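Right, one structure below, let's go through it.
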Amino acid sequence: MSEVLEKVETGKLAILSGNEAIARGAWEAGVKVAAAYPGTPSTEIVETLSKYPEVYSEWSVNEKVALEVALGAAISGSRALYASKHVGLNVAADPLFSAAYTGVRAGLVVVTADDPGMHSSQNEQDNRFYALSAKLPLLVPSDSQEAKDMTKLAFKISEDYDIPVLLRSTTRLSHSKAPVTLEDREEVPHKGYEKNPSKYLVLPMYARKRRVDLEERLEALRKFSNSTHLNYVLEGEGEIGVIADGVAFQYAKEVFQGYPILKLGMPYPFPDEKVLEFLRGLKRVYVVEETDPFIEILLRALLQREGLKVEVLGKGLIGERGPVPKYGELSVERLRTHVIAYEKGETSSESSETSSLKHALKYDISELPARPPMLCPGCTHRSVFWYLGKYKNVIITGDIGCYTLGALPPLKAMETCVDMGASITMAHGIEKSLKEKGENKVVVAVIGDSTFYHSGVTGLINAVYNKSKIKVVILDNSITAMTGHQEHPGTGLTAKKEETVKIDLEKLVKAIGVEKVIVVDPYNMEETKRGIAEMIRYDGLAVLIAKRPCPLYIKFNEGAYQVDNDKCIACGLCISLGCPAIYKLEDGKAAINELLCVGCDMCAQICPVDAIHPIGRE
Amino acid sequence: MKDNLLEEKVKNVLVVGVGGQGVLRLSDIISTAALLQGYQVKKSEVHGMAQRGGSVNSHIRYGKVVAGPLIPKGEADLIIALEPLEGYRYLEYLSPDGVIVLDQDRILPPAVYLGEMRYPNVEEALKEVLGDRALIIPATKIAVSDVGNYRTQNVVMLGASLKYLDLELDNVKKAISLVFSGKEKVIKQNFLALELGMRYLEKLRV
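One line per chain: the protein sequences are A and B, in this order. So for the first sequence, my numbering puts the first residue at 1; every next one is plus one. So for the second sequence, my numbering puts the first residue at 619; every next one is plus one.
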């Protein structure tokens, strides 16, 4: 989208998403190296950067690798950027904490895209706390323009204070589009590499010195935070003020019109002097932020230090209740309703959002048939889940990707999903645990190809080494599908679409020491059925690779199928595949939506009366 | 900068539908057209998991000055629903004098095609409450039989909604060319889809 939108320049103005704006800012700041593992809502940052010829961009196998690549680039003189979703930074936390000690030489910006409300994530952790615990300066933009400007400034701060800078986005910023003024790229001279082990080698004896130095850098950053224009006051009247950051600032502006608002573009190091100046004459302060009480805690610590009595109203700590919701994404109306409810002394606020229109409606909106996300028509994962779900006595652990949807009805063939790679490792743990109880249950781990390269392979090595008998299904659709089809080590192309080595999954698994490896085509139902049966029967660790490219990626469409209504016996077998293209008629017989069907043939193969055929080929 | 059709008020347009129907593409066209017209534009959407056949929405706000990226409930001037049930689902966003334009073609949610729930007659329920403010368009049918590409359904809907958008036809066409740049055949088909959508609305209004 970015290339398209940049053509819409109205005097160098383009509509950019927060992610595109971060990428643009990095490019304008002369970034030379960018590394990431895809993850919603962060993916488009490095995807956009990969289209700029001046920037070396890569999809790293995981976030830890990506951050180390970026750190290596920075300490050898190139401005570098890392980007991931919030949970991705957990994977990269190991290098993150030590990078604060080593410092950077050339600018290093670490972008975290958090997901309040969990639109596409397993939790809603607030990564601003990484700034506190890893001791890094933190910038929080509130719209696309700021996202671009702050990214540029972040590179400068990183160099001036010799420290990585954490830039926090959220889904709403990353995926909202707004006009941004475009500027030219500034080529920053390459600083080159300079040997300096006492800085870049964190032996305890060196690291202890760097630890002291870090404290000095943080103190200098505190002074900067107190003087920077990133932290500013929106004038207002009265004895009640508001402190806000990020997109929450936009909501605060609408809800608290006319109140003085302190906008924190750089909440950490906490600009204590600027905050104290803002508090002068105020009796009460609302703190509006997503998702956890980060600013609120720092503010309360500051008040305690100064012995000041200003009422702080935010989310509250555990056991306290404040006017700002403790969890979930904020919005203007949600914030407004909660603040009003709090001030009225009501105990519950979520249900008070009603409208007269809602009452007039015949059907209650909350009772409409839901529309959960589902595996697409023609999805290569469907057959594997359909057969796996038939084994009632196995435990199926899952992983992160489109295929997590295999857990939902009617397939219901997955029982756990915690984090990237956990299908294999948790399956191993479950097997060992049940063995202690004398149960020899079959445990099947289901993982995608990209997730396998990310962190599944280490778990598999661990399982082989520790004499596991788990079964592992690798759903190899030859792309990172969920995040919008990014390349990975098994695709043969780099992030910049250059040809490269294509890792052979089967050979890799065998090289690790797996003796039983079965490869099937998931569009072939009989082959898939037999492959799964063989895997489950095998006495020892077995891997089944279901290999076929994602139909969405290769635009697979062999033409739609139809159901011969006279032949159909309404057995419901095809319906149980959970394909969005197949539906049930009033009489219980099946029919196919020809606009959705791509002709994968799975339903035709399992129909007991041969009633399903390609249209025009009965 | 062109003279703004909108004075102080912000135009709030909510586009809803099912993942894969082209909700995001349609909102790209609308926001690009609004930018070409000299408005400030903000647009918000959700990617990732929700795009896999789930309920998808995109908020578009344009005018002289726009603050937050989300439309507050009860403030959408226009809802474009590429699927009727999805239109009903987001009805709380409609302003007291707002208009909702729906495609009549249903995409059955899992609970319905698995035979566990019935698809409610939302079209009738909407007509009852909203009267003339609910417009039902056979956009998928027009896209399939008259344009020959069902993927242009979203732009047929754009044509049928155009008069409520306060956007000039020229800018909308320019936006279509930009969003599909390099794909001449697709642009042509979408121009036809836009035209047919506009014509259908005129017919409906007579």
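Just so it is clear, CB atoms sit at the ideal spot from N, CA and C, and this is done for glycine as well. Quantities reported herein were computed from a predicted structural model and do not represent experimental measurements.
Burial state of residue i (16 or more Cβ within 10 Å)
| i | result |
| --- | --- |
| Gln-304(A) | exposed |
| Ile-620(A) | In the structure displayed, chain A extends from 1 to 618; residue 620(A) sits before or after that span and is not available. |
| Pro-190(A) | Just to set this straight, residue 190(A) is His in the shown sequence, not Pro. So His-190(A) ends up on the exposed side. |
| Glu-742(B) | exposed |
| Leu-308(A) | exposed |
| Gly-438(A) | exposed |
| Asp-610(A) | exposed |
| Ala-14(A) | buried |
| Ile-615(A) | exposed |
| Tyr-561(A) | buried |
| Glu-159(A) | buried |
| Lys-579(B) | Residue 579(B) is absent from the structure shown; chain B starts at 619 and stops at 824. |
| Val-473(A) | buried |
| Asp-803(B) | As written in the sequence, residue 803(B) is Lys, which differs from the Asp given in the question. The residue is exposed, with fewer than 16 neighbouring Cβ atoms inside 10 Å. |
| Thr-458(A) | exposed |
Nearest neighbour of residue i, chosen from the options [CA to CA]
| i | options | result |
| --- | --- | --- |
| Lys-283(A) | Val-312(A), Gly-258(A) and Arg-300(A) | Val-312(A) |
| Leu-264(A) | Gly-192(A), Ala-220(A), Arg-280(A) and Leu-167(A) | Leu-167(A) |
| Val-65(A) | Arg-530(A), Gly-117(A), Asp-399(A) and His-454(A) | His-454(A) |
| Val-520(A) | Glu-277(A), Asn-477(A), Pro-325(A) and Asp-143(A) | Asn-477(A) |
| Ile-760(B) | Gly-716(B), Leu-732(B), Asp-750(B) and Gln-771(B) | Gln-771(B) |
| Gly-77(A) | His-229(A), Glu-194(A) and Ala-92(A) | Glu-194(A) |
| Leu-20(A) | Val-31(A), Ser-42(A) and Lys-32(A) | The amino acid at residue 20(A) is misidentified as Leu; the sequence shows Glu. Glu-20(A) has its Cα closest to that of Ser-42(A), out of Val-31(A), Ser-42(A) and Lys-32(A). |
| Cys-603(A) | Gly-72(A), Asp-539(A), Leu-153(A) and Met-525(A) | Met-525(A) |
| Glu-239(A) | Thr-48(A), Tyr-286(A) and His-488(A) | Tyr-286(A) |
| Leu-71(A) | Ser-98(A), Lys-85(A), Val-472(A) and Glu-499(A) | Ser-98(A) |
| Lys-441(A) | Arg-217(A), Val-394(A), Lys-497(A) and Lys-584(A) | Val-394(A) |
| Asn-789(B) | Glu-746(B), Ala-651(B) and Lys-682(B) | Ala-651(B) |
| Arg-128(A) | Gly-398(A), Glu-415(A), Asp-245(A) and Gln-486(A) | Asp-245(A) |
| Lys-555(A) | Val-633(B), Gly-638(B) and Lys-627(B) | Gly-638(B) |
| Tyr-232(A) | Pro-489(A), Ala-542(A), Thr-170(A) and Pro-141(A) | Pro-141(A) |
| Lys-344(A) | Pro-323(A), Leu-203(A) and His-613(A) | Pro-323(A) |
| Tyr-363(A) | Tyr-708(B), Val-664(B) and Lys-806(B) | Tyr-708(B) |
| Ile-163(A) | Leu-153(A), Leu-302(A), Val-188(A) and Leu-136(A) | Leu-136(A) |
| Lys-507(A) | His-175(A), Cys-579(A) and Val-543(A) | Val-543(A) |
| Val-514(A) | Met-482(A), Glu-499(A), Asn-462(A) and Ala-495(A) | Asn-462(A) |
| Ser-57(A) | Ala-36(A), Ile-75(A) and Glu-296(A) | Ala-36(A) |
| Ile-157(A) | Pro-116(A), Ala-106(A) and Met-205(A) | Ala-106(A) |
| Cys-607(A) | Ala-590(A), Asn-62(A) and Glu-124(A) | Ala-590(A) |
Presumed contact (8 Å Cβ cut-off) between residue i and residue j, rounded CB distance
| i | j | result |
| --- | --- | --- |
| Gly-777(B) | Leu-812(B) | 4 Å |
| Glu-424(A) | Ala-413(A) | The sequence shown places Ile at residue 424(A), not Glu. At roughly 16 Å, the Cβ-Cβ gap does not stay under 8 Å, so Ile-424(A) and Ala-413(A) are not in contact. |
| Ala-134(A) | Leu-108(A) | That belief does not hold up - the Cβ atoms of Ala-134(A) and Leu-108(A) are roughly 13 Å apart, past 8 Å. |
| Val-180(A) | Arg-24(A) | 7 Å |
| Leu-505(A) | Ile-545(A) | 6 Å |
| Tyr-101(A) | Arg-211(A) | 6 Å |
| Tyr-737(B) | Leu-726(B) | 6 Å |
| Gly-378(A) | Cys-600(A) | 4 Å |
| Tyr-82(A) | Val-55(A) | That pair is no contact at about 13 Å. |
| Val-628(B) | Gly-681(B) | 4 Å |
| Leu-654(B) | Ala-793(B) | 6 Å |
Test: residue i CB closer than 8 Å to a CB of chain D
| i | result |
| --- | --- |
| Pro-727(B) | You won't find chain D in this structure, because its protein chains are A and B. |
At a Cβ cut of 7 Å, what residues of the segment 175 to 198 of chain A count as close to chain B, listed as they run along the chain? Of all residues in the segment 175 to 198 of chain A, only His-175, Ser-176, Lys-177, Ala-178 and Pro-179 place a beta-carbon less than 7 Å from a beta-carbon of chain B.
Which residues of the segment 71 to 99 of chain A have a Cβ closer than 9 Å to any Cβ of chain B? Give them in chain order. Per Cβ criterion, the list is empty.
Using a Cβ cut-off of 7 Å, which residues of the segment 670 to 693 of chain B contact any Cβ in chain A, in chain order? Residues of the segment 670 to 693 of chain B with a C-beta less than 7 Å from any C-beta of chain A: Arg-670, Gly-671, Gly-672, Ser-673, Ala-685, Gly-686, Pro-687, Leu-688, Pro-690, Lys-691 and Gly-692, listed in chain order.
Which residues, taken in chain order from the segment 247 to 267 of chain A, show a beta carbon closer than 9 Å to some beta carbon of chain B? Contact residues of the segment 247 to 267 of chain A toward chain B are Val-247, Gln-250, Tyr-251, Lys-253 and Glu-254 (C-beta to C-beta distance below 9 Å).
For the segment 637 to 658 of chain B, enumerate the residues whose C-beta is nearer than 8 Å to any C-beta of chain A, in chain order. Within the segment 637 to 658 of chain B, the qualifying residues are Gly-637, Gly-638, Asp-646, Ser-649, Thr-650, Leu-653, Leu-654, Gly-656 and Gln-658.
What residues from the segment 322 to 336 of chain A come within 7 Å of chain B, judged by C-beta to C-beta, listed N to C? Against chain B - using a Cβ distance shorter than 7 Å - the residues of the segment 322 to 336 of chain A are Ser-331, Val-332 and Glu-333.
Quick one: which unbroken alpha helix (DSSP H) runs of 4-plus residues sit fully inside the segment 229 to 273 of chain A? Chain order, please. The DSSP assignment places 246 to 255 as complete runs of the alpha helix (DSSP H) inside the segment 229 to 273 of chain A, in order along the chain (cut-off: 4 residues).
Residues within the segment 360 to 375 of chain A neighbouring chain B, beta-carbon criterion of under 8 Å: So the close ones are Ala-360, Leu-361, Lys-362, Tyr-363, Ile-365, Leu-368, Pro-369, Ala-370, Arg-371, Pro-372, Pro-373, Met-374 and Leu-375.
Pull out every residue of the segment 226 to 239 of chain A whose Cβ sits closer than 9 Å to any Cβ of chain B, in chain order. Listed in chain order, the positions of the segment 226 to 239 of chain A with a beta carbon within less than 9 Å of a beta carbon of chain B would be empty, since no residue qualifies.
For a minimum of 4 consecutive residues, which ranges assigned as the alpha helix (DSSP H) are wholly contained in the segment 697 to 727 of chain B? Complete alpha helix (DSSP H) runs here, min 4: 702 to 707.
Kindly provide the ranges of any alpha helix (DSSP H) runs that are 4 or more residues long and lie completely inside the segment 101 to 169 of chain A, ordered along the chain. With a minimum length of 4 residues, the continuous alpha helix (DSSP H) runs that stay inside the segment 101 to 169 of chain A are 128 to 134 and 144 to 160.
Write down every uninterrupted run of the alpha helix (DSSP H) in the segment 52 to 97 of chain A whose length is 4 residues or greater and which is fully enclosed by it, in chain order. DSSP runs (the alpha helix (DSSP H)) wholly in the segment 52 to 97 of chain A: 63 to 75 and 86 to 91.
Please list, in chain order, the residues of the segment 577 to 595 of chain A that have any C-beta partner in chain B closer than 8 Å. Closer than 8 Å at the C-beta level to chain B, one finds these residues of the segment 577 to 595 of chain A: Gly-578, Pro-580, Ile-582, Tyr-583, Lys-584, Gly-588, Asn-593 and Leu-595.
Contacting positions in the segment 425 to 448 of chain A - beta carbon closer than 8 Å to chain B: Of all residues in the segment 425 to 448 of chain A, none has a Cβ within less than 8 Å of some Cβ in chain B.
Minimum length 3: unbroken beta strand (DSSP E) runs contained in the segment 730 to 807 of chain B: Correct list: 752 to 755.
Residues within the segment 402 to 422 of chain A neighbouring chain B, beta-carbon criterion of under 9 Å: Listed in sequence order: Cys-402, Thr-404, Leu-405, Leu-408, Pro-409 and Pro-410.
Any beta strand (DSSP E) of 3 or more consecutive residues that is wholly inside the segment 271 to 297 of chain A: Within the segment 271 to 297 of chain A, the complete beta strand (DSSP E) segments of 3 residues or longer fall at 284 to 288, listed in chain order.
Residues in the segment 114 to 147 of chain A with C-beta within 7 Å of chain B's C-beta atoms, listed in sequence order? Listed by position, the residues of the segment 114 to 147 of chain A near chain B (Cβ gap below 7 Å) are His-119 and Ser-120.
The segment 727 to 757 of chain B: positions lying closer than 9 Å to chain A by Cβ: Under the 9 Å Cβ criterion, the segment 727 to 757 of chain B contributes Pro-727, Pro-728, Ala-729, Val-730, Tyr-731, Leu-732, Gly-733, Glu-734, Met-735, Arg-736, Tyr-737, Pro-738, Asn-739, Val-740, Glu-742, Ala-743, Leu-744, Glu-746, Val-747 and Leu-748.
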